[in-house]
Structure formats: structure tokens, C-alpha cells
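These notes concern the structure reproduced below.
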């Protein structure tokens, strides 16, 4: 896609024009012969060889100039332009780059069972992203969500500065995802189902903070301290603060073969407000209904979460599982503990493998694309997911959900997904003993 | 504007270097002569012709290399960059493109007569748009309105995916305009007056849905099913749904000569809420006052609208007219029927013709531009417009408006407009027997 | 950074290939000698010179073709692409350009003393900007703030059209800063401290209007009439309107040496609402607390403000001072007068000078950058700032603040700032006799 030209060809050219000078050697040979024969006198020979010599030198000089001009003409341009969805412009030396990207997720859902949820449509996410590199060592990103959905709605998604001047180590300040769990680290563009599993209720999400992270081929770690989310306003109260850390290893990490292990911890002081709340929708966001909900838990001192991750890829087959335990530490009251876990597996009918890099799953690469005489990539998937928000006097509800999904990636930048979610009986909470069912489809572009 | 280089020149070069080898033929001739003369012996002749042959071959090879290098140096770049307002980058084969565009409309208005409306200023629309093509067959768009006006305010405008892999046929899913009426199909950048006619009260606007459309030179049709607008939230109620279809023909469609005929239908189920409301401002949006307004019509089952379109262009003169009838079907109550129509005509003083493509009017092309020693395009226009929201027990009001307008397009990307709207006596509704007058100006860039 | 190629080299090439034709002169010389010697007969000589002549002509033509091809191959591309943060694409003749830029400011603050303010973090500004030039004479800009802070929050920042077709004179219509005071004219990216001085309470900010401005090397003036801010809605009341004018001179204006003088006036009619309010935060925006506040001043007819500016640069040292007086003219009540002033000074430890252009301070240029083996630019700064909102029956409060700041510009596009603000005793108003202290840091990218 870029504007290229060959350095190798240029190097060849240099030799080529030097050697070329010898190409007129037959005239030199003839002159010498005629001189030897006596046809050409010594005086004439002298004038001829002088002329020959001068012309040779002149030729060499001219050919050097041509050489230089050709080198210049075939020099690659200073900037490279990529246009495979969005736009990426970079300098040849990668000291500077600017990237314009975006994502759109359009959902439609139909609900069955109880509780009643509104069938309908939604723009789930509509992102515009500007990011880049400046002066070799500096990175930046601004990403905004234009979609006005209830949770995770309209507002700044990512807004940060990176310093990349140290080996393997990255320093980041701004608004971004706290490092916690594999399903959070993996972009919503590339998670296996339309929505993350029920335990995403425990996700710290994006907050303003500072983070150090380290990436080597099969090992990553990240640690950071964080204030509040960009959209939370505390008035004259001090903000909450927290800290997150995550470490992952991939003892096997080859094309189409992966074992991933991860461990993460997340701490959050509850600040002057002293409250916390956990709630979760049934793996759908077209309707805003939360089927489990602790309500505001008062007198909270702080919350500690631990997460364990396990994932693997064997050719077209992939699987991942996570467990999160959450401890709410309260003032003068008993602590309450919640937890959740899921196991999911996916299989590419078209033979592709799930892509993995730096402790998270990334963009799938179909073997062939629609629009290029191909079929895209087709993936079947199954998930079992559970969350328990019942503990002590807190009756948030406990529920399990079984989801079957079909993903079609016509190209690396597009995805169409159908999910059927069967929520098994809810136990406790606002919708005790109810059992909703969801059929939802998503159309997505992302780059 | 693009980065080009010539294929033709490259083709020429190939022949040129082959033929060039013959340029040293005088030395060959001389050697042959000297051999014939006996000046050069047979042995010497053998050495000379061998040398000559070798040098010829070497020359041919070197010239082939030069040929290749020049071909490479003059190869067109892989991407084309356009910068005539906004930015468009595409690959040579048009398989990929990315376009960044926008629009700004700044209004000022002064009001006379009754009811009292607030004189003032407004940013009517401020759009940013990212769109493109991916893998030949796929298109996308995300367009957002940053302007916080009352109606049609801040929020997602367009957000969709296109599949263009079939001949003439386009499939679209996402948030976009339902296909209904000519004035809706025509961008607000290019409608003849600052605001659409009064019957725009019946426009379905943009909703989330799926549409198939077909475009051949003089025939278009489109049909789609749709949910709600992106900004409408229904809670646990099911969303409304609807369907739209439109067909247009242009029996005459040449440069500067057009006859356009169109027919469209729009159906909307009123959903669980069971209400509908029609209201309209007096062809101005700086003040938010609606001069006709049915209020919420309760117990509504569904609404059916029909639209008829007629338009023509004769050189600098253009005209268009539309009629919409709207039937509100109610539960246990009599149906109510509303309607509206307008006739408008425009005349380019500078001689340009209104541009038309694929069933809608498009960007005007001034014969000459300000900034390039030109005058831009100047257009005078006149419209008569009416809407009737009175029927049975519904007293929404009936009104007519006469508008005279002047448009100046200094360049294809700019427009300055002045409109004087004289609302003839309002009959019924919240502002019965009142007669507002509006003078408004708009400054616009759009690309 | 751009895509370049050399015109000079092309010019050289033309001469080079013409002269080259003479390079085969030794064969001509030999033929002549052999003819003179009698080795070559007259008939043979005739054939040889004819062959020679033909080949010469052929060579000249071929070399002309090569010349043209090389000229084409080394022609500069039609567009220039800049990528030093954001993106700028322009045509060679600068008739068209498109620029995509942005800014991000992330703040963290800790408060001491009284009143209690919430420690925390904030995205102070997150801008995306599209601007450009079209058809030589026209400019446009759309800039939006995604950051949802209390004051100056989410919304359109700049949205305008420029006409630049007259010498030195610029005409602008749209939403932009009224011309008033030096600290307002200077971008918040480049003011010396994280927040502007206390007298910024009197800033008219951005409104919708029309302005004529004039820029010559050492003289600028601007005058405009304005309606309301884009986010203010007046319903059926007429909007406020106002007018602003500013003139600046720079009798000394060389690299590293500057004397700047400025004078500005701002008038605003209070419209049908008839109220005005002045309030100010203690040079911090993480907490939304205003330490001085007049509350709504009723029965206001109009407000007149005058501003005086003085600034200078002496090598790494810079200083600036401003005074604003504000007169509130009331119906049937005594006028009330408020005022404010500040003096600030900065010193670049790394030797740079503050940059100035067209009546305002602009982007600093570090001598060396982090990421290019440099240190960036380091600047120490001190400010004394005061505002008095007490007059007659209005008890808004009077306060003074002393601020010490450290700025680090690792590159021209980045800035890290630490400010310590010591508010001296507040006299009157809602926080009478209180004394807050603020430590705040900002991380910023801007381009």
C-alpha cells in the first residue's frame, strides 16, 4: 500500500555505470591496432589517445551524474501512507506517525423469558481515534465514544501520553484501562462474544492514572496508580484512588500454539463517599436491564480484587477461562465477598488461529477476504459464565449464563456476530427466580 | 492534486533503449571497411568483432537495467491524496479509501411579527465525517454532529456499513436516513433554502435499520426496515419499528436538463408507547419555536405516509414540488390525516445548472471561483410551502409560508445564504392567527 | 518530512545530456585521420560520416528523451505531507491544505487550607481540530472539546470561516475568541501557568460573531460584533450582543527581544435577561470551587471592560502584565466597578526565548528534544495575581494569589507543568477570610 522504491536497485546502479565506461573498448583496440600497423602515425596516435582519454573522463563524470539522478529519482518518499481502513501516515524512520482510526458496533436484540426487556436496536460503540508517535520516544492517543448507550456511554475512552524511550518499558499517564484480567485487556473488537462475561461487573475500567508496563516476547507486567474515571465528578470530596497490577506469561507462544497464564490484583480505596456497587446485564446492552445488582453498599472502606487467567490456542481451537474474587472491606461491618468465572471456547471453521500478542488476544487474520474472492473467517463459540453477588446481608443475586455464538470476519476490519444467551435461573437479587433469553446480532467495523 | 507519473513515458522508454544499441554502428562500419581495405588483418578483425560483440551485449544488458530503473522511478505512487477541503486518500485500484470531511453551518436570524421569537445566532450543524472503502466491496461511514441545537442536535448522524459487491445493488446496515422524499434525500448542504419546507415535519429522519438500494443511471429504488433513532431510549418497552420505500425515475437526465419523478411510502408502528407527534418551526431553527404542533397524539396504532415528487432543470432554472399525506391510525378512535406540500424554483444568475445524481440534487459547480479570479455562483430562489395539522379533534394548526432566498457559492465548498420567510396567517394550533416574519443568513462550508 | 525532489538536479541534467553527445569524438577524429591518410576512400568516408551524422542525431534525440524522463522522475509530488504530531497535507502552491490536530491536558491537584476542595484528577481539555485552506483565499476551522469539565466544558471550541483574499486583512465569521487581552489571545497550550490569572473572570470567551482583523509584522488590530456563546440558549428572548476591539504594537520584535503593548475594549449589552455574573476559581480547575463570586447581578443594562497589556522578552527572561477594569451599568441602580491585574515572569533555564507572533505568545522551540538526545526546554515562572469583585452592595470577594511554576517542554509538542498556588487571604464573598493552597501538575500534548 505504501509508496516504495528500491535501495537495492540504487546500489546496483552505482556499479553498473562505472563498468559501463569500458563498453567503448573496441575503438581503443582499433586505434592501438592501426598504430601498430603503422596506419596511424605517432602524432595521430597521440591526438587520438588524448581525445579518447578526455572522452573517457567526461563519460565517467556524466555517468556519475546520471547515477546520482537515478538514485534520487528512486529514493523512497519520506512518508509512508497506509489506508487499509482509517489512515496511517508515518515517516520512514518511524520517528513520527499519525493514525486515524475508528470503530462502529451496531446491535439488534430480541428478548424472551423474564424479566421483560425492550427488543430493539442500538449503536453500541462509535469510536473515533487519533494516535501517533512523536520524536521517536513519545506516543499519544485520544479516543472518543460518540455512542450514547447507558453504561460506558458517550465520552472520552482513551486519552494519554506514552514515554517509550526505555528498552521494553513503557510509561503512561492519562485516562486508560487499568491492567486487570485478560478479557479487559483484549479489545471489545476481538472478544469472542458480543459482550464480555458476567464477571466484567468487577472490571475497574478506565481511570486517570500513571502506569509502568513491560513487554517482552512471552512475559508482560504492568503496574499503576489511578484516580477516578474521567466522567466521575466528586465536587468538594476527594476522589477515590486505586492501584492495579497484572503479570502474564506465555510459556508456549508460536503461530497457532499458545499457553497463556495471568495473575492480576486491583485495589480501590472508596474515598470520602464510602460506597461501592456491583451490577451486571445478562451479556447484552441493547436493553439496559441489570439482572444482578448489589445496590449501593454503604460504609465501604476499600475493595480488593484478584484475578486468575488461563488461555490456550491449538490451531483453529482456542479456549480461555478466568476467575475473579472481590472483597469489600467495610467500616464496622463484616466484609462481603463476591466472585465470578467463565470458561469459553472457540473454533475457526475456516482454519484460522486466534491471534495473540503481549498478553492479550488481537485482530483475527482471515485466510481469505470477501471482496478478494474469499470467504472470510468463520468461528463457532461456546461460553459458560457465572457471577455471585450474594454474601451476608447483601442480596445482589447469583446467576449463570450459557452462550453460543457465531462470528464471521469477512475481512480483518469487519465482523458480524450472532449470540444466543440462555440465562439459567437467577438466584436472589432484584429478579429472583427469573430466566431471560437473548438473541442478539452485531455488525461491526474496526480499524 | 494527486501524485502522478506517466505510464506512457515508461512504455516509450523500453523501445528507446533497445534501439539505442545501434547508435555505435559507425565503428562497426569502419572496422568492416578497414578489414576489406586490408588495413586490418583477419586476426585483428577477429579480435575487433569479438570485442564489439561483447560490448554490444554488455550495452544491451546495461540499458535494460537503466530501462528498469527509469520505469521504477516514474511508476505512479500506490496512493492518491486529495485535499480540496477535507482529505481523501485512496489506493490506485480504489480497493481502499479513507475520507475525512465535515460541514459547518452558522446562522443568524432576526424575527418580526408574532409570536415573539428570540433574535440571535446559532451553529446549526457542525459535522465531522470519517468514511471509506475497504477490500473493494465494503464501505463505511461515521458522521457526528457537534452542534447542540434543539432539534436534530448533538449526536450520531450517520453510522453504517455498506456491502457493494453486487452490481448496482447496495446493502446497508446501521443508522442512516430512511428513503423518503426528495428534500430529505438531498443533503441540507444543497437544498435551495436554509431550512427544508414545512412538510419536513413528516420526515422519518435517521433510524437504525437495514436497506437495499439500487442505482442505475436514470432509475433508483430503495427499501428498508428500521428501528428507532440512535438517541431514542425505550427502557424496557420494545422499540418502534417501521419501513420505508422510494422509487425515482429521470426520463430526461442530461447536463442542464432534467425531469425527475418520485414516489415514496413510509410506515411506522407506534410501538408500546402508542403515541406520535408532529410539529414544525417556521423554516428557521435559530429560535426553537414550533408554530404548528399537534401535541402528543395518544392511542396511536401506526402511521402511514405517502410522498410524491416532481422536479426539473432547464439550464440555470430549476423547480421542484412535493406532496406528503400522513394517516394516523388510532386504537378505538377515528383516524386523523395531515398533509403538506411545497413548490420552489431557483435561477442561477451566473448561468450554472443545478446538479443531480442518483435521485437527488448534489453539490453545485460554480463556473468560476472566488480565490481563482472568479465570481462564484449566484442563485435566486422562491418557495411556497404549506402544512395542515388540523384534523378531527386534533388542532395542530395550518399554515403557509412564502420564502425568497439568495444563495452565493463562492466555491463548490462554500455557501452564503439569505432567506426572508413570510409566514401567512396561522390557522389554529398554539399560535392561531399569528404571522411571524423571519430574516436569516447562513454561512457554510461543507466537503 | 515532506516528499521532495530537486529542481536544481533536473536543470543540471539538461546540459549534461546535450554535452554528452560530443563524447564519441575520438571515432570522428579517427575517421578523419584515416581519410587524410588515404586508408579510407572518399566513398567510404562519405558513408562513414553519413552514418556518424545519423547516429549523432539519433543520440541527441534519445538523450533528450532520457532527459525528459529523468525530469519527470525527479519532479516533486503535488502534495506535501507533514506528520510532526497530527497531520498536515497541502498542495505545493498552498491553495489547498487540510490539517488534523488536537490537544490533551491531564491534571492532578492536591488542595490545602480552606475552603475544602476535592483532591483528584481531570482531563482538562481534549480537543480535536480540523482546519484548512481552500481555493487560496478561504480558511476554515472546526475544533471540539471532548473533556467534560465544569466550566468551558464539552462543546464546540472554534467553528468558523475565514476570507483571506485581502492584503493583511482577515474576515472571519463563526464561533471564536473575541479579541480581548493578551492572556486570552495566547493559547492555553502556551500560557506560562496551568491556568490563566484571576482576572480571566472578565474574559468574554468565545461567541458567534463576525470580525475583521489586520496583521502586519509589528502591528495588529481586530474588531468584531458578537452574539452569544454557542452553548447558550435564550429560548424566545433575544440574545445578548457585544463588541470587542484590540490593538497591539511591538516596537521591538526580534529573535529573543520583544516589547509588546496592547489595548482592548469589550462591550456587552445584557439583553432581555438583564443579568451578569463574575466568578473565579483559584487558578485551578480540578475542583470546581469558585473562591470569588458576585452571584447574579440583576437589572444590568450593559458591561464595559477595558484591558491594558504590557509584555517583554530579553533572551531567556520574559515578563507580562495586564490590567482589566469592568463597569457594570445598571437600570435605576448605581454602577458597580470591578477590576483585576497580574504580573508574571518566566526564565528558561535551558536558554530558549519565549516565542511571539502577531500580538500573542506562541509555541516554544526547545533547543534540543527528548527522543533526539536532548533535554527539552525548562522554564521557571512566578506570578502575582489579583481580582476585586467587591463594590457597593456587591460582595463578590477580593483575593490575591502568588504562583510559582515549573514548565518542562521535552519536545515542542509536549509539556509537563507543576504549579504551586498560594491564595492570600480572601476578603469578602462566599469564602471570606479563607486561604486555600494548591499543588497541581499537568501533562499535555498539543499540535
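Protein chains in written order, with the numbering used here: chain A, 924 to 1370; chain B, 924 to 1370; chain C, 924 to 1370.
By construction, the Cβ of each residue, glycine as well, lies at the ideal position given by its N, Cα and C atoms.
| Check | Outcome |
| --- | --- |
| Run of the beta strand (DSSP E) containing residue 975(A), from where it starts to where it stops | Element bounds for residue 975(A): not the beta strand (DSSP E) but the alpha helix (DSSP H), 965 to 996. |
| C-alpha gap between residue 1179(B) and residue 1171(B), whole angstroms | 18 Å |
| Cβ separation of residue 1110(C) and residue 1130(C), assumed to be a contact under 8 Å, to the nearest whole Å | That belief does not hold up - the Cβ atoms of residue 1110(C) and residue 1130(C) are roughly 18 Å apart, past 8 Å. |
| Opposing strand residues paired with residue 1176(C) [DSSP bridges] | 1181(C) |
| Interface residues of the stretch 998 to 1018 of chain C facing chain A [CB-CB below 8 Å] | 1000, 1004, 1006, 1007, 1008, 1009, 1010 |
| Three-state secondary structure assigned by DSSP to residue 949(A) | helix |
| Interfacial residues, the stretch 1046 to 1060 of chain C to chain A, with Cβ spacing under 9 Å | 1046, 1049, 1050, 1051 |
| Proximal residues to residue 1347(B) (C-beta, below 6 Å), its chain only, five neighbours per side dropped | 1323 |
| Outcome for residue 1300(A) when other beta-carbon atoms lying within 10 angstroms are tallied against a minimum of 16 | buried |
| Chain C residues whose Cβ lies nearer than 7 Å to that of residue 1225(A) | Those within 7 Å of residue 1225(A) in chain C number zero; the least Cβ separation is about 17 Å. |
| Three-state secondary structure assigned by DSSP to residue 1168(A) | strand |
| Short-range partners of chain C found in the stretch 1141 to 1169 of chain A, where Cβ spacing is below 7 Å | 1150, 1151, 1153, 1154, 1157, 1158, 1159, 1160, 1161, 1162 |
| Expected contact under 8 Å - CB spacing of residue 992(C) and residue 997(B) to nearest Å | 6 Å |
| Sheet register partners of residue 1018(C) (DSSP bridge) | DSSP output for residue 1018(C) lists no bridge partner at all. |
| Integer Cβ distance of residue 1246(B) from residue 1231(B), believed to fall under 8 Å | 5 Å |
| Cα-Cα separation between residue 1223(A) and residue 1127(C), rounded to whole angstroms | 45 Å |
| Exposure of residue 1174(A), with buried meaning 16 or more beta-carbon neighbours within 10 Å | exposed |
| DSSP state of residue 1204(B) mapped onto helix, strand, coil | coil |
| Where residue 1103(C) falls: helix, strand or coil (DSSP) | coil |
| The stretch 1357 to 1367 of chain A / the stretch 1030 to 1039 of chain A touching (three or more Cβ pairs under 8 Å) | yes |
| Residue from 1331(C), 1352(C), 1309(C), 1209(C) with nearest C-alpha to residue 1120(C) | 1309(C) |
| Minimum C-alpha distance to residue 1265(B) - residue among 1253(B), 1243(B), 1249(B) | 1243(B) |
| Cβ of residue 996(A) within 8 Å of any chain C Cβ | yes |
| Residues of the stretch 949 to 964 of chain B with Cβ closer than 8 Å to any Cβ of chain C, in chain order | 949, 950, 952, 953, 956, 957, 960, 962 |
| Residue from 1041(B), 1186(B), 1214(B) whose Cα sits closest to the Cα of residue 1155(C) | 1041(B) |
| Paired residues, beta bridge with residue 1251(B) - DSSP | 1226(B), 1259(B) |
| Spatially closest choice to residue 1045(C) from 1150(A), 1045(A), 1188(A), by CA coordinates | 1150(A) |
| Extent of the continuous beta strand (DSSP E) run through residue 1137(C) | 1129 to 1139 |
| Option nearest residue 1132(B) by Cα separation, candidates 1370(A), 1364(A), 1080(A) | 1364(A) |
| According to DSSP, residues forming a beta bridge with residue 1098(C) | 1082(C), 1131(C) |
| CA-to-CA distance, residue 989(B) to residue 1177(A), given in whole angstroms | 44 Å |
| Straight-line gap, residue 1183(C) to residue 1103(C) (C-alpha atoms, nearest Å) | 15 Å |
| Three or more C-beta pairs below 8 Å linking the stretch 1205 to 1212 of chain C and the stretch 1333 to 1347 of chain C | yes |
| Per-residue contacts from residue 1295(C) into chain A (C-beta, under 9 Å) | 1018, 1058, 1059, 1060 |
| In DSSP terms, what residue 867(C) is bridged to | Residue 867(C) is absent from the model: chain C starts at 924 and stops at 1370. |
| Validate contact between the stretch 950 to 970 of chain C and the stretch 950 to 963 of chain B using beta carbons, cut 8 Å, 3 pairs | yes |
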